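Undergrad: Residue numbers (the working numbering): 692 to 1083. Beta carbons are placed, not taken as given, at the ideal position from N, Cα and C, and that holds for glycine. All values derive from a computational prediction rather than experimental measurement.
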Ligand SMILES: Cc1cc2nc3c(=O)[nH]c(=O)nc-3n(C[C@H](O)[C@H](O)[C@H](O)COP(=O)(O)OP(=O)(O)OC[C@H]3O[C@@H](n4cnc5c(N)ncnc54)[C@H](O)[C@@H]3O)c2cc1C
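1) Once DSSP output is grouped into helix, strand and coil, what is the label at residue 800?
2) Are residue 803 and residue 763 close, meaning C-beta to C-beta below 8 angstroms?
3) Once the 5 residues before and after residue 980 are set aside, which same chain residues still bring their CB inside 6 angstroms of it?
4) Below 8 angstroms, can you find three or more Cβ-Cβ pairs linking the segment 942–951 to the segment 814–829?
5) Out of 938, 911, 822 and 916, state which residue places its alpha-carbon closest to the alpha-carbon of residue 927.
6) Since residue 745 contacts residue 1073 with CB under 8 angstroms, what's their CB separation in whole angstroms?
7) Roughly how many whole angstroms lie between the Cα atoms of residue 786 and residue 831?
8) Of all the options 766, 814 and 893, which has the alpha carbon lying nearest to the alpha carbon of residue 701?
9) At which residues does the alpha helix (DSSP H) containing residue 754 begin and terminate?
10) Would you check if the distance between the CB atom of residue 913 and the CB atom of residue 876 is smaller than 8 angstroms?
11) Taking all protein chains shown into account, decide if residue 723 is buried (16 or more other Cβ within 10 angstroms of its Cβ) or exposed.
12) Starting from the C-beta of residue 835, find all residues in its chain whose C-beta is less than 7 angstroms away, skip the five residues before and the five after it, and write them out in chain order.
13) Under three-state DSSP, which class holds residue 897?
14) Keeping to the same chain, check which residues put their C-beta closer than 6 angstroms to that of residue 1014; ignore five residues upstream and five downstream.
15) If we call anything under 8 angstroms between Cβ atoms a contact, is residue 1039 one with residue 897?
16) Is the closest heavy atom of ligand 1 to the C-beta of residue 703 under 7 angstroms?
17) For residue 742, which of helix, strand or coil comes out of DSSP?
18) So the alpha helix (DSSP H) residue 689 belongs to, where does it begin and stop?
19) Report the rounded CA-to-CA distance for residue 696 versus residue 1054, giving the unit in angstroms.
20) Would you kindly work out how many angstroms separate the C-alpha atoms of residue 1011 and residue 940, rounded to a whole number?
21) Might you give, ordered along the chain, the residues of its own chain that have their beta carbon closer than 7 angstroms to the beta carbon of residue 742, omitting 5 neighbours on each side?
22) List the endpoints of the continuous alpha helix (DSSP H) containing residue 1066.
23) Which value, in whole angstroms, describes the spacing of the CA atoms of residue 1079 and residue 733?
24) Taking 7 angstroms as the line, does the beta carbon of residue 738 fall inside it for any heavy atom of ligand 1?
25) Quick one: is residue 987 buried, meaning 16 or more other Cβ sit within 10 Å of its Cβ, or exposed?
26) Round the Cβ separation of residue 1058 and residue 777 to the nearest angstrom and send it over; I've been treating them as touching at under 8 angstroms.
27) To the nearest angstrom, how far is it from the Cα of residue 712 to the Cα of residue 801?
28) Give, in chain order, every unbroken run of the beta strand (DSSP E) that is at least 3 residues long and sits entirely within the segment 832–874.
29) If you follow the beta strand (DSSP E) that residue 777 is in, where does it begin and where does it stop?
30) Nearer than 7 angstroms: is that true of the beta carbon of residue 765 relative to any heavy atom of ligand 1?
31) Assign residue 1075 to one of three DSSP states: helix, strand, or coil.
32) Hey, would you say the C-beta of residue 724 is under 7 angstroms away from at least one heavy atom of ligand 1?
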C-alpha cells in the first residue's frame, strides 16, 4: 500500500473526475483544479463500451449510469444510400461479459462521476500553470498565484495538457483533416429504435447517430476540410445540405435538432508517446493518449486509466514506482487504440469514388467478423474487474 495521502488532479473532465473517484476509494484525498468556471461537459453524448462499464462497475457507478443510459443492442454500418455494410450484436455483451455497452449524455456521466466523490475538493476557475517536484512531493503552481502541495500530480488536463507540456515540451496536436459537428435531436423510438447505433459512410463525409436517453438522439456529422472554421446561424441547413439525398432517417434527425445544441470540433489526436510521466507526476486520459473518435474509446480509456492508477497506488509502496507501473500497463493498450483510430479515420475520410467502393467491399467482406472480434477483445479486457469475470 502506497503512503500517498493527497493527489492533485489538473482537469475536471471525465478522466479527472474518474481518477478522483478511484483514488478516493483507495483512501487518497484529491484536489481537482479545473480551469473552466464550471465543470465542462464538452459535447452531446458518447458511447461507453463494455470495457468502460466494467471499470465503472468496479467503482460502484454502473447502477447510476444505467438509470439514464440506453443499452446498445446493435451497431450498424451503412452506406449513405442505406446499404448494410456490417452489423454487430453488441446487445449480447451484457450476458457474455457482465456489463452492456451504453450510450450516455456527457452531462449525465459527469453527474454520475460526481456522486462517487467522497474526499475531493473541486476548485473551478483555477488552472494549473506548472509544478516542481522533489523527493517528498509535488508543488503545483496555480493561475490565481497560489500553490498546493501533494504526494502526486495527475495531468488529466486534456489534449493541450499543461502538465504534458512541462514534461515533454509543447508539440501541437495532429489535425486529422476533418471537422465534426455534434447535436441532439428530439426523436422517439418510432423513428430511432431504442439502443440503436448507426455509422453511415459517404464520400469524405460521415453521419453517426444513437439514442442517449428516451426521446433524445445524439448525432455527429463529419466532413473533410480545413481546421479553424466557425459556424453562425444556419449550421443545420449546411448540415442538411451536406447529407442531401442520404437514406432515411438522416434528414429527419437534422430537422428535429435544436440548433443551439450543435457543437463544432476540429478532430485532432497525437501519435502514441513513449514517455508519460516522471517521478511523482503522470498523465491520464486525453493528456496521455488522445485518440480520434473513430474507435469511440477516448473517454472509456480515461476511465480504465483511473481504475488502474488507483490499483497501482494501492499495491505499490512508493508513488514513483506505482506511477511507473501504471504507465507500463496502460501505454501498450492505449497506443494500439490511438493507432487503430487513426487508421479507421483515414479509411472513413476517403472521398474518391473508386476508393470508397473498395472500402465498402472490404467492409462487407470483413467488418462484421474481423472488427467485431477486436471489439470483443476490448470488452473482455474489462472482465479483469468484473464480479462476473469468467462469464465469457
Ligand atoms: C467528436 C468526438 C466524439 C467522441 N466520442 C467518444 C465516444 O463515443 N466514446 C468515448 O469513450 N470517447 C469519445 N470521445 C473522446 C472523449 O471525448 C475524450 O477522450 C474524453 O472526453 C477525454 O477526457 P479527459 O478528461 O481526458 O479530457 P477533457 O475532456 O479534455 O478534459 C480536460 C479538462 O481539463 C481542463 N483543463 C485544461 N487545461 C487545464 C489546466 N491547465 N488546468 C486545469 N484544468 C485544465 C479542461 O477545461 C477540461 O475540463 C469523442 C471525442 C470527440 C471529439
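TA: To lay it out plainly:
1) In the chain shown, the residue the question calls residue 800 occupies position 109. DSSP places residue 800 in helix when its eight states are reduced to three.
2) Taking the chain shown and counting its residues from 1, the one referred to as residue 803 is at position 112. Taking the chain shown and counting its residues from 1, the one referred to as residue 763 is at position 72. No.
3) Locating residue 980 in the chain shown gives position 289, counting from the first residue. The answer, listed in chain order, is 1025 and 1029.
4) Not touching, per the Cβ criterion.
5) Position 236 of the chain shown, counted from the first residue, corresponds to residue 927. Checking every option, the nearest Cα to that of residue 927 belongs to 911.
6) Position 54 of the chain shown, counting from 1, holds the residue named residue 745. Position 382 of the chain shown, counting from 1, holds the residue named residue 1073. The pair is a contact, with the Cβ atoms about 3 angstroms apart (cut-off 8 angstroms).
7) In the chain shown, the residue the question calls residue 786 occupies position 95. In the chain shown, the residue the question calls residue 831 occupies position 140. Taking the straight line joining both Cα atoms gives about 45 angstroms.
8) In the chain shown, counting from the first residue as 1, residue 701 sits at position 10. Measuring from the Cα of residue 701, the nearest candidate turns out to be 814.
9) By one-based count along the chain shown, residue 754 stands at place 63. Where residue 754 is concerned, the enclosing alpha helix (DSSP H) stretches over 753–759.
10) Along the chain shown, read from residue 1 onward, the residue named residue 913 stands at position 222. Along the chain shown, read from residue 1 onward, the residue named residue 876 stands at position 185. It is not a contact, given that the beta carbons lie outside the stated cut-off.
11) Residue 723 sits at position 32 when you count from the first residue of the chain shown. Residue 723 comes out buried.
12) Walking along the chain shown from the start, residue 835 turns up at place 144. Closer than 7 angstroms at Cβ, skipping near neighbours: 817.
13) Working through the chain shown from its first residue, we reach residue 897 at position 206. Three-state DSSP puts residue 897 in a strand.
14) Position 323 of the chain shown holds residue 1014. Result list for residue 1014: 968 and 973, in chain order.
15) Locating residue 1039 in the chain shown gives position 348, counting from the first residue. Locating residue 897 in the chain shown gives position 206, counting from the first residue. Cβ distance < 8 angstroms, so residue 1039 and residue 897 count as in contact.
16) The sequence position of residue 703 within the chain shown is 12, counting from 1. The answer is yes for residue 703.
17) For the purposes of this step, residue 742 is taken as the residue at position 51 of the chain shown. DSSP places residue 742 in helix when its eight states are reduced to three.
18) Since the displayed the chain opens at 692 and closes at 1083, residue 689 lies outside it and no answer follows.
19) Within the chain shown, the letter at position 5 stands for residue 696. Within the chain shown, the letter at position 363 stands for residue 1054. So the alpha carbons of these two residues sit roughly 50 angstroms apart.
20) If you number the chain shown from 1, residue 1011 lands on position 320. If you number the chain shown from 1, residue 940 lands on position 249. Between residue 1011 and residue 940, the C-alpha separation is close to 52 angstroms.
21) Here residue 742 refers to the residue found at position 51 of the chain shown. These residues qualify, in order along the chain: 991, 995, 1069, 1070, 1072 and 1073.
22) Working through the chain shown from its first residue, we reach residue 1066 at position 375. In this chain, the alpha helix (DSSP H) harbouring residue 1066 covers 1063–1072.
23) Here residue 1079 refers to the residue found at position 388 of the chain shown. Here residue 733 refers to the residue found at position 42 of the chain shown. Confidence in residue 1079 is poor, its pLDDT being 47 and thus under 50, which makes the residue's placement unreliable; the coordinate value appears in the next sentence. Using only the alpha carbons, I get a separation of about 33 angstroms.
24) Numbered from 1 along the chain shown, position 47 holds the residue referred to as residue 738. Result yes, Cβ under 7 angstroms from ligand 1.
25) Indexing the chain shown from 1 puts residue 987 at position 296. Per the 10 Å Cβ criterion, buried.
26) Numbered from its first residue, the chain shown carries residue 1058 at position 367. Numbered from its first residue, the chain shown carries residue 777 at position 86. Between residue 777 and residue 1058 the Cβ distance is about 4 angstroms, and since that is below 8 angstroms, they are a contact.
27) Along the chain shown, one-based indexing puts residue 712 at 21. Along the chain shown, one-based indexing puts residue 801 at 110. Computed Cα separation, rounded: 12 angstroms.
28) 838–841 and 843–846
29) Residue numbering aside, residue 777 sits at position 86 when the chain shown is read from its first letter. Counting along the chain, the beta strand (DSSP E) containing residue 777 begins and ends at 775–779.
30) On the chain shown, residue 765 is found 74 positions in, with the first residue counted as 1. No, the beta carbon of residue 765 sits no closer than 7 angstroms to any heavy atom of ligand 1.
31) Here residue 1075 is taken as the residue at index 384 of the chain shown, counted from 1. It is helical.
32) By 1-based counting over the chain shown, the position of residue 724 is 33. It does: the Cβ of residue 724 is within 7 angstroms (strictly closer) of some heavy atom of ligand 1.
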